[in-house]
Ligand code: SF4
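In this note's numbering, the protein residues as written are 172 to 514.
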């Protein structure tokens with residue numbers, strides 16, 4: 172299958188033109204206004220002679236068959252595989268980015284890589300490989316919106332629910348157009364200062380999108396990477412957990428251990444004591460499912476019944492060692508329903 176591509180990109184959605192010739196991109200909170208010949212902050216949307224075009228359509232920069240636990244999603248078909256695709260670009264610039272080769276590919280990326288016309292094969296390939304869902308992940312799906320829309324249609328044709336793993340900084344209007352089944356949304360901190368200085372993002376936009384996703388009935392789990400000295404104060408964690416619990420005490424919160432990366436190589440890994448304290452704060456604020464990630468051992472990533480305390484799902488890394496929810500999605504001991512998609 173071939174696509175009707177312009178020599179310098181494919182027509183973008185979600186933008187308006189200005190009298191000056193600039194194009195206002197409406198895809199995310201930045202509202203970039205590139206002049207003709209310029210790109211937006213994400214480097215993958217270009218004003219081509221007054222028309223906004225997307226440069227990363229079909230550029231599958233990463234593709235893999237992953238356990239859904241890797242996203243991480245713990246309440247969404249445990250032990251299933253998710254066919255995972257990412258294209259280059261990102262609308263944030265996190266100092267500790269773990270995928271910066273893909274998220275900030277540089278000006279020359281599109282001269283070296285080639286787009287692939289494999290979209291019509293991905294859905295069936297995913298099913299052949301035993302995937303139970305289709306994930307847009309690794310970079311930021313928002314900035315490959317047009318490609319993600321078509322990948323989503325292909326997934327739907329093959330009966331595969333679609334997952335986004337995202338920084339949550341999109342224009343909330345696009346969420347209703349994507350037919351998403353599940354999202355893992357990064358909530359990277361809980362002050363605007365942190366967001367501005369460490370991610371170049373907007374806290375308010377992420378909070379809006381978490382609420383919006385829940386209102387659309389999308390299954391949502393939230394992840395926070397705990398960075399020593401930057402977002403781990405008790406005040407910030409209490410406010411963050413309180414916000415999540417106010418939306419729903421059933422909302423799973425993943426607290427991940429930080430390791431030095433990219434421009435944060437001078438910061439040490441998160442102490443285990445900080446992770447345990449964050450978990451305690453989450454539970455104290457009313458969250459029923461708080462998980463610790465990037466941390467081996469004990470029961471850090473297991474699911475327990477919030478009513479009777481029975482261990483319901485055991486996890487060992489990305490592997491499932493126990494799953495008592497596969498049949499009914501309820502605790503077999505006390506019958507308490509456990510929120511999520513289990514069967
Ligand atoms: S998607 Fe890219 S070009 Fe559009 S507003 Fe966001 S950063 Fe700017």
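Where a beta carbon is used, it is the ideal one built from N, C-alpha and C, also for glycine.
Quick caveat, the model's predicted, so the values are computed rather than measured.
Given a cut-off of 8 Å on the beta-carbon distance, is the pair residue i and residue j in contact?
| i | j | result |
| --- | --- | --- |
| residue 334 | residue 459 | no |
| residue 199 | residue 379 | no |
| residue 361 | residue 297 | no |
| residue 247 | residue 424 | no |
| residue 295 | residue 262 | no |
| residue 205 | residue 194 | yes |
| residue 293 | residue 256 | yes |
| residue 520 | residue 291 | As displayed, the chain neither begins before 172 nor continues past 514, which places residue 520 out of reach and without an answer. |
| residue 211 | residue 196 | yes |
| residue 427 | residue 395 | yes |
| residue 227 | residue 239 | no |
| residue 393 | residue 415 | yes |
| residue 483 | residue 505 | no |
| residue 385 | residue 340 | no |
| residue 258 | residue 232 | yes |
| residue 412 | residue 456 | yes |
| residue 472 | residue 486 | yes |
| residue 466 | residue 446 | yes |
Just curious, the beta strand (DSSP E) that residue i is in, first and last residue?
| i | result |
| --- | --- |
| residue 337 | 333-337 |
| residue 187 | 186-188 |
| residue 302 | 302-307 |
| residue 216 | 216-219 |
| residue 262 | Residue 262 -> no beta strand (DSSP E), and no H or E assigned at all. |
| residue 210 | That residue, residue 210, is in no beta strand (DSSP E); it is neither H nor E in DSSP. |
Between residue i and residue j, which are expected to be in contact by the criterion C-beta below 8 Å, what is the C-beta distance as a whole number of angstroms?
| i | j | result |
| --- | --- | --- |
| residue 507 | residue 245 | Contact doesn't hold; Cβ gap of about 17 Å is too wide. |
| residue 358 | residue 300 | That belief does not hold up - the Cβ atoms of residue 358 and residue 300 are roughly 31 Å apart, past 8 Å. |
| residue 398 | residue 381 | Incorrect: roughly 20 Å between the Cβ atoms, too far for contact. |
| residue 267 | residue 405 | Not quite, the Cβ-Cβ distance comes to about 21 Å (not below 8 Å), so this is no contact. |
| residue 250 | residue 491 | 4 Å |
| residue 323 | residue 350 | 6 Å |
| residue 302 | residue 252 | 5 Å |
| residue 338 | residue 309 | 12 Å between Cβ atoms; not a contact. |
| residue 443 | residue 453 | Not really, about 16 Å apart at Cβ, beyond 8 Å. |
| residue 316 | residue 345 | 6 Å |
State the start and end residues of the unbroken alpha helix (DSSP H) segment that holds residue i.
| i | result |
| --- | --- |
| residue 298 | 290-299 |
| residue 252 | Unbroken run through residue 252 is the beta strand (DSSP E), 252-257; no alpha helix (DSSP H). |
| residue 321 | 316-328 |
| residue 225 | Premise fails: residue 225 lies in the beta strand (DSSP E), 222-225, not in any alpha helix (DSSP H). |
| residue 120 | In the structure as shown, the chain starts at 172 and stops at 514, and residue 120 therefore has no counterpart that could be examined. |
| residue 377 | 374-386 |
| residue 449 | 443-455 |
Quick check: is any heavy atom of ligand 3 less than 7 Å from the C-beta of residue i?
| i | result |
| --- | --- |
| residue 216 | The model on display carries ligand 1 but not ligand 3. |
### Task
Ignoring anything shorter than 3 residues or poking outside the region 389-433, list the beta strand (DSSP E) runs there in chain order.
390-397, 424-428
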